[in-house]
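To keep things clear, I will list the structure first and then write my remarks on it.
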Amino acid sequence: MVSRDSDIAAPKRDLGYWIRFSFVRLGILPILLIAAVVIFALMSDNFLTVRNLTNVVRQSVYLMIVSLGQMFALLTGGFDLSVGTILAITSVVGASAMASAYAMMPDAVGLAILIGVLAGIAAGVAVGLCNGIGVALLGVSPFIMTLGMSSVGFGIALYLTGGVPVYGMPVEFGEIFGFGELFGIPVPVYIAALLAILTYLFVNWTRQGRYFYAVGGNIKAARLSGINTRVTLFVTYVLCALLTSIAGMLLTARLDTGEANIGASMPLESIAACVIAGVSLRGGVGRVENVVLGALFIVLVQNGMNLARIESYLQIVVLGGLLILAVIADQIRLRYIASARD
Amino acid sequence: MTNEPALVREGPAHAGTPILQTVGIRKRYPGVLALDAVDFDLRPGEVHILFGENGAGKSTLISILAGVQRPTAGEVRYRGERVDLQSVHHARSLGISAVFQEFSLVPQMTVEENLFLGAEITRGGILDKGNLHRRAQDIIARLGFPLRPNQRIEHLSRAEQQMVEIAKAFRSDLSVLILDEPTASLTERETERLFALIDQVKAQGVGVVYITHRMQEIRRIGDRITVLRDGRYVATLDARSATEDELVRLMTGRVISELFPKVKFAPGEERLRIDRLTTGRRTVVDASLSVRAGEIVGLAGLVGSGKSEVMRAVFGLEAVASGRVYLKGEDVTGATTRALLRRGFFYLPPDRREEGLVMMRSCRENMSLPSLDVPPFGRGPLLDRAGEARKVAELGDRMNLRPRRVERAVDHFSGGNQQKVLLAKCLTRSVDVYVFDEPTVGVDVGTRAAIYAFIRDLCEAGAAVVLISSDLPEIINLACRAYVFYRGRVQAELVGHEITEQSLLARFFEREVA
């Protein structure tokens, strides 16, 4: 009889084996994270300080929340290129509504803030509703639908403001949601943490959460298992927009103005954060906790480059390069997995 | 390399060297040995049948002969000389042409563009369209196929696409023709024409490698038969003297009665009734059938005959144009997949990669996917992950999943075990009518026997079972009633002993009743 595995020797467990093992198991992120920390610590003394690292966490809040939304789109095998526009339209509409409400009733600050926040989020979610209808009901490809909506939304945001920043929000809005701290930790960090936990629970402990993976992994198998794939796709884009618009309001609070020009780099950065975190572009694979780390990593790199005085134009180059590197690493990883099947 | 031929091979009838030969061919895919030291030879002017179950290695062997894949070890000899087939193109240049079951046609292009794809005739760097058109017409006329050179592939039926694939093989000089179940979607007349053509090329000294499961075809055109099992060479027989029992025994390694269990049928009340159903795409026309509790009803017919489509239409996967469907007396015509699952109708698709499983997710998630709305998998919108883990572990035991690692991605299991995961999906909720569509495609013999026992258990426990299959022995040995589909219509209903290969096959091709 022919022994089937006679020519496959047991792999040697040296350092190379463990690096490859952790790469296959955990993806590229841990390797990149360690590399980034080491490199920037060597380049700048200020990098590994509590103050700077707190700063990194604070700055990464916005990208983190958007990336959580982007993760839903990637899980179902699509992506959302309109996240930048959703940020812009949320910011502009939210700031305008808040400013008008505040002007009408200068005494009801809380109410004005509430009205503004709700209006901003509603405007952002409206973009998501359009994406959802286009992708889930009309069968437009996510690429075209969200690319088109990003132009539509951006145009509307510019038209509403004439391209000028919106002022006139109550100071308290910025003081609490932009710069506020509780027990030494910035308020936006609490909100981001809360959203990350909710997303984690939603994805891992609810039926609908499981359906995102199934629809992205194999939409036909999902349909044959009785899953309403249209509803799932629709919810995907609405959720992505909801999370993004929350980030939009937080960013508005931080900037103290409503701006149509925020978020242009958001589609790239959020997709990069997800892909580096091991979310598959083919859908069906991705973990919330890794996406949080992925967003942290991107901001960490930006922060490190700032401290190392790398010019901002070059930083854009590095970011694009990292995205492509992550995708290549993912391919190599798949090949390892295919060849290492036991 | 050890190599032990199971039987003494028949001595050469022709004196000449084989036109194509493999010596100790091996092909290893990650985790599987698809071919293990297989010797095969093809003489000029013979039709050599490759016989074996799905997954026996037939497809791997022909893809090596056609230059699609390269062997891990062993060698291919062409007219006695060793060749290292680099590509399909390379094989074609030697006159080796293959027609695979999966079509390699570009749907948006025309018949003639596809015929000469990769071998376009040019003059001064520019396509010589007039010449191409004439040659395409020549080939089609020679084959007698009802095709027009300027039709687009996407507008053709499956049978017509099959004809284009066959025509492609004839575009250049042939020395070896490889055909993988070419008649699967041809009518009787088209099949006869293909056979006449094979006779013609045989006379010219072309060697033909032919994969089929049909005894009729083996008798009609076969010269020798080589049987493969689990990637190994089993035997080579003379086609004229080989009996069916012998072939099945060689193919499965056991006698038919061992593979198929005896089922005790106890037909009870009617569970499913389909009344004059016609689908929107007219894949099913005016079909009526009924299924009772405690019986296995077989649906037989060619690919695209409507045997699969009728159940897909019931399950909400195809639009219903007219007719009614009753499940346990309740009208469920046009209900959604979800609603049908809730009411106890479960359809398991034939292609587990394509429609059955989410390959990159774990066995646990795949098994529980259809039933997250019911205990023990879920409570309201929330998942009961402890309950899920318990139930899935139990199902892993019941299906004898190997290895028993339910958290592993389905992708990393063998075909047979993937099929077990697929089958386990229908055990996650209470089901009254089970529909299995080609449940044993691409699984090994052991798993096949296990799947048949599984189906028997369901039936004997009082469920209504529908078995859709292209594998005739399956229908003959498991079903207590069978419907034969032809061009979307129910051609015949056979009961008990009426279900024989002859009675089934005769109705596969019969003309439509006027």
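Chains C and S supply the protein sequences, listed in that same order. Just so we're aligned: 62 in the working numbering is position 62 of the first sequence, and the numbers increase by one with no gaps anywhere. When you read off a place in the second sequence, starting at 1, and then add 1000, the result is the number in the working numbering. C-beta atoms are modelled at their ideal positions from N, C-alpha and C, and glycine is treated no differently. Note that the structure is predicted; figures quoted are calculated from it, not measured.
Cβ pair count under 8 angstroms reaching 3, the segment 112-123 of chain C against the segment 92-103 of chain C: Put simply, the segment 112-123 of chain C touches the segment 92-103 of chain C. At least three CB pairs are less than 8 angstroms apart.
At the 8 angstroms Cβ level, is Y336 (chain C) part of the contact set with chain S, yes or no? So no, Y336 (chain C) is outside the interface.
Shorter than 8 angstroms from the beta carbon of V327 (chain C) to some beta carbon of chain S? With a threshold of 8 angstroms between beta carbons, V327 (chain C) makes no contact with chain S.
Can you say whether E1004 (chain S) is buried or exposed, counting buried as having 16 or more other CB atoms within 10 angstroms of its CB? Any reading at E1004 (chain S) must be qualified, since the residue scores a pLDDT of 38, below 50, and its modelled position is unreliable; the value itself is stated next. When all chains shown are included, E1004 (chain S) counts as exposed.
Is the Cβ of G284 (chain C) closer than 8 angstroms to any Cβ of chain S? At least one chain S Cβ lies under 8 angstroms of G284 (chain C).
Alpha-carbon to alpha-carbon, M1359 (chain S) and G321 (chain C): If I take the Cα positions, the gap works out to 30 angstroms.
Integer Cβ distance of V1291 (chain S) from V1433 (chain S), believed to fall under 8 angstroms: For a cut-off of 8 angstroms, the C-beta gap from V1291 (chain S) to V1433 (chain S) is around 6 angstroms, short enough to register as a contact.
R210 (chain C) versus chain S: which residues are under 7 angstroms apart at the beta carbon? Ordered by position in chain S, the residues that pass the 7 angstroms Cβ test against R210 (chain C) are E1365, L1372, L1383.
Could you give the distance in angstroms between the alpha-carbon of G174 (chain C) and the alpha-carbon of G184 (chain C)? Distance between the alpha carbons of G174 (chain C) and G184 (chain C) is about 17 angstroms.
How is the alpha helix (DSSP H) around D1397 (chain S) delimited, first residue to last? For D1397 (chain S), the uninterrupted alpha helix (DSSP H) run begins and ends at 1385-1398, by DSSP.
If we count Cβ pairs, one from each stretch, closer than 8 angstroms, do we get three or more for the segment 1387-1397 of chain S versus the segment 1410-1418 of chain S? Output reads no: the segment 1410-1418 of chain S does not touch the segment 1387-1397 of chain S.
What does the Cβ neighbour count give for Y1483 (chain S), buried or exposed, with the cut at 16 atoms within 10 Å? With 16 or more other Cβ atoms inside 10 Å of its own Cβ, Y1483 (chain S) counts as buried.
Using the C-alpha atoms, what's the distance from I1476 (chain S) back to I1499 (chain S)? One Cα belongs to I1499 (chain S), the other to I1476 (chain S), and the distance between them is close to 6 angstroms.
Do you know how far the Cα of F1103 (chain S) is from the Cα of L1250 (chain S)? For L1250 (chain S) and F1103 (chain S), the gap between their C-alpha atoms comes out near 30 angstroms.
Within-8 angstroms CB hit, M1251 (chain S) to chain C: Cβ-Cβ to chain C under 8 angstroms: no for M1251 (chain S).
Check whether the Cβ atoms of L1065 (chain S) and I1178 (chain S) lie closer than 8 angstroms to each other. Their beta carbons are under 8 angstroms apart, which means L1065 (chain S) touches I1178 (chain S) by this criterion.
Per-residue contacts from Y213 (chain C) into chain S (C-beta, under 8 angstroms): Here the neighbours are V1358, R1361, E1365.
Residues in the same chain with beta-carbon distance under 8 angstroms from R969 (chain S), minus the five sequence neighbours each way, listed in chain order, please. Because chain S in this structure spans residues 1001 to 1514, residue 969 (chain S) falls outside the shown range and cannot be described.
8 angstroms is my cut-off, CB to CB: does R1338 (chain S) come that close to chain C? Yes, because at least one Cβ of chain C sits closer than 8 angstroms to the Cβ of R1338 (chain S).
If you draw a straight line from the alpha carbon of T90 (chain C) to that of T1333 (chain S), how long is it in whole angstroms? Cα-Cα distance, rounded: 45 angstroms.
Which one or two residues does DSSP pair with H1048 (chain S) in a beta bridge? When beta bridges are read from the DSSP output, H1048 (chain S) appears opposite S:V1209, S:R1224.
Work out the CA separation of I1198 (chain S) and L147 (chain C) for me, nearest whole Å. One alpha carbon belongs to L147 (chain C), the other to I1198 (chain S), and they sit about 54 angstroms apart.
Helix, strand or coil at T1072 (chain S) [DSSP, three-state]: Three-state result, T1072 (chain S): coil.
Please confirm if the segment 272-285 of chain C is in contact with the segment 104-113 of chain C, defined as three or more CB-CB distances below 8 angstroms between the two stretches. Segments in contact, no.
Taking H1213 (chain S) as the reference, give the member of S:D1180, S:A1203, S:A1196 with the closest Cα. Ranking the options by Cα distance to H1213 (chain S), first place goes to S:D1180.
Does the count of Cβ pairs from the segment 1159-1178 of chain S and the segment 1088-1103 of chain S closer than 8 angstroms reach three? In this structure the segment 1159-1178 of chain S touches the segment 1088-1103 of chain S; the number of beta carbon pairs closer than 8 angstroms is three or more.
Determine the burial state of T232 (chain C): buried for a count of at least 16 other Cβ atoms within 10 Å of its Cβ, exposed for fewer. Counting every other CB atom within 10 Å of its CB across the protein chains shown gives T232 (chain C) a total of 16 or more, marking it as buried.
8 angstroms Cβ cutoff met for M1109 (chain S) and I1062 (chain S): With contacts defined by Cβ atoms closer than 8 angstroms, M1109 (chain S) and I1062 (chain S) do not form a contacting pair.
Mind checking who Y62 (chain C) pairs with in its DSSP beta bridge? According to DSSP, Y62 (chain C) bridges with nothing at all.
For F1116 (chain S), the three-state DSSP class (helix, strand or coil): F1116 (chain S): coil per DSSP, three-state reduction.
If you compare alpha carbons, which of S:G1298, S:G1306, S:A1300, S:K1264 is closest to T1283 (chain S)? T1283 (chain S) has its Cα closest to that of S:G1306, out of S:G1298, S:G1306, S:A1300, S:K1264.
Which value, in whole angstroms, describes the spacing of the CA atoms of F1100 (chain S) and R1158 (chain S)? Going by the C-alpha atoms only, they are around 13 angstroms apart.
Run of the alpha helix (DSSP H) containing R254 (chain C), from where it starts to where it stops: DSSP places R254 (chain C) inside the alpha helix (DSSP H), whose first and last residues are 229-255.
Whole-angstrom distance between L182 (chain C) and S150 (chain C), CA atom to CA atom: Each residue's Cα considered, the two are about 35 angstroms apart.
Integer Cβ distance of I31 (chain C) from F23 (chain C), believed to fall under 8 angstroms: With 8 angstroms as the limit, I31 (chain C) and F23 (chain C) qualify as a contact, their Cβ atoms being about 7 angstroms apart.
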